[in-house]
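Taking it in order: structure first as structure tokens, then the write-up.
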Amino acid sequence: MADAFAASGLDTPCYVLDQSALLRNGEILADVQRRTGARILLAQKAFACFPVYPKLRPFLSGTAASGLHEARLGAEEFGGEVHVFSPAFKPAEIDALLEIADHLVFNSIGQWHRYRNVVRASPRPISSGLRINPEYAEAVAEIYNPCAPGSRFGVLASLLENADIEGIEGLHFHTLCEQGAGALERTLDSVYARFDRWLREMKWLNLGGGHLITAPDYEVEHLVRLIAEIRERYPQLEVYLEPGEAIAIRTGVLIGSVVDLVENEMSIAVLDVSATAHMPDVLEMPYRPVIEGAGLPGERAHTHRLGGPTCLAGDVIGDYSFDRPLAIGDRVVFHDMAHYTMVKTTTFNGVPLPGISLLDAGGNVQSLREFGYEDYRDRLG
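The sequence shown begins at 22 in the working numbering and counts up by one.
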């Protein structure tokens, strides 16, 4: 993909997806499906660039959605199974989802009681589940901890005691975030300890997302063993996983340009890429993105602070060092920017949305989408 980094024909800012990398990830996930019998779904909350769905379709069983719009996208553009979870469904959303969903996962017993009659009356067969709270998570940051005290996510085992869950066919948990099979094993230990009696009555178990299956150091054999153990404990269960990062990790970059250089105790490069508008996890998590040819402050000869084009004083990506000083017009290439970026961009300050391009196996770059003023305007009226 390095040849595309300096592609002069691309206007910036621009996301560039690597088709070969997407296929590589798809093949790894398809192999896990084949070996375990589990069904793997694309979690669209992480990656929803639907023009590449046809390339991923052969490797996966369907899509996971966080609401009606994602569910429609999965049904219309990807196909296969459509699984939907939301912290709270509205009546109109349920009515629409009955037309497209295969699994509906409810976040509370109250939501299930509210909608169970209409779901059961649907002419389409729909399997209903409950999200559970295992009361265990190895959160990489507290903002991503669904099992924190007071969390709104999932039903506690104590609340299932004596609860009427007739008609519920599956349980779902989602506690991982870009983590390995060891974290899943420890989470499963908590699930078994708290929910064993209900798992014995279910038809399926959804292990949620956050499984970084396609990372070079992921313990695939460990995952295979864990799924086999689930099947040994509960032979009747169909097992699902819904990774997002694993589909899109290491498959794309975000390319920006240096627009200006200013001095204030250090050299500051103002880019056409914004942390808050184009890669908000940099500020929310926070984390430090990797930049092609850059190091930590002082590691290389010339250190610059990289800032975005918005009015937010904190729209700062970080301090980086380079072998030569940055100049106006230089390209800055941010690695691993396909997941949780395109799906979270905003037009704050009217900042243009990055274009989206695809690098094919032959090294050709194809524009998938360009954004302009009308995209900003039409969101607002």
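Cβ coordinates follow ideal geometry from the N, Cα and C atoms, glycine included.
Just to confirm, is the Cβ distance from residue i to residue j under 7 Å?
i	j	result
Tyr341	Ile377	no
Gly47	Leu77	yes
Asp281	Val291	yes
Ala117	Leu89	yes
Val245	Pro155	no
Ala92	Ala122	yes
Ala269	His360	yes
Leu262	Ile61	yes
Phe127	Ala178	no
Asp351	Gln40	no
Val161	Cys198	yes
Ala184	Ile234	no
Leu347	His325	yes
Leu38	Leu379	yes
Glu240	Gly201	yes
Using a 10 Å radius around the Cβ and a threshold of 16 neighbouring Cβ atoms, would you call residue i buried or exposed?
i	result
Val176	buried
Ala23	With a pLDDT of 47 at Ala23, under the threshold of 50, the modelled position of that residue is not reliable, and the figure given next carries that caveat. Exposed, because fewer than 16 other Cβ atoms sit within 10 Å of the Cβ of Ala23.
Leu192	buried
His243	exposed
Gln387	exposed
Gly384	exposed
Gly172	As written in the sequence, residue 172 is Ser, which differs from the Gly given in the question. Looking at its Cβ environment, which holds fewer than 16 other Cβ atoms inside 10 Å, Ser172 is exposed.
Gly319	exposed
Gly402	exposed
Arg45	exposed
Met287	exposed
Ile349	exposed
Cys332	exposed
Glu120	exposed
Leu374	buried
Gln65	buried
Leu125	buried
Val105	buried
Gln257	exposed
What are the residues that DSSP puts in a beta bridge with residue i?
i	result
Ile147	BP columns for Ile147 are empty, so no partner.
Gly83	Leu62 and Glu102
Glu259	Trp225
Leu282	Ala290
Arg254	Answer by DSSP bridge pairing: none, since Arg254 is not bridged.
Tyr341	His325
Cys35	Ile276 and Gly376
Ala158	DSSP lists no partner for Ala158.
Arg400	Note: Arg400 sits in no beta bridge, so no partner.
Ser107	Phe127
Val353	Gly277
Ile153	Val176
Ala315	Phe343
For residue i, report the span of its alpha helix (DSSP H) as first-last.
i	result
Ser179	Ala178 to Leu181
Ala204	Ala202 to Leu220
Tyr239	Tyr239 -> no alpha helix (DSSP H), and no H or E assigned at all.
Tyr136	Ile130 to Arg141
His418	Residue 418 falls outside the range modelled here, since the chain spans only 22 to 402, and no answer is possible.
Ala69	Careful: Ala69 lies outside any alpha helix (DSSP H) and carries neither H nor E.
Glu305	Asp302 to Glu305
Taking the beta strand (DSSP E) that residue i belongs to, which residues open and close that run?
i	result
Ile377	Gly376 to Leu380
Thr324	His323 to Gly328
Gln387	Val386 to Arg390
Leu192	Ile189 to His193
His360	Careful: His360 lies outside any beta strand (DSSP E) and carries neither H nor E.
Cβ contact (3+ pairs, closer than 8 Å) linking the region 84-101 and the region 129-149: no
May I ask you to verify whether the region 295-304 touches the region 247-255, counting CB pairs closer than 8 Å and requiring at least 3? no
Count the CB pairs spanning the region 271-280 and the region 49-66 that are closer than 8 Å, and state whether there are at least three. no
Counting Cβ pairs, one atom from each stretch, are 3 or more of them under 8 Å apart for the region 219-230 and the region 187-202? yes
Report yes or no: do the region 327-346 and the region 357-366 share at least 3 C-beta pairs separated by less than 8 Å? no
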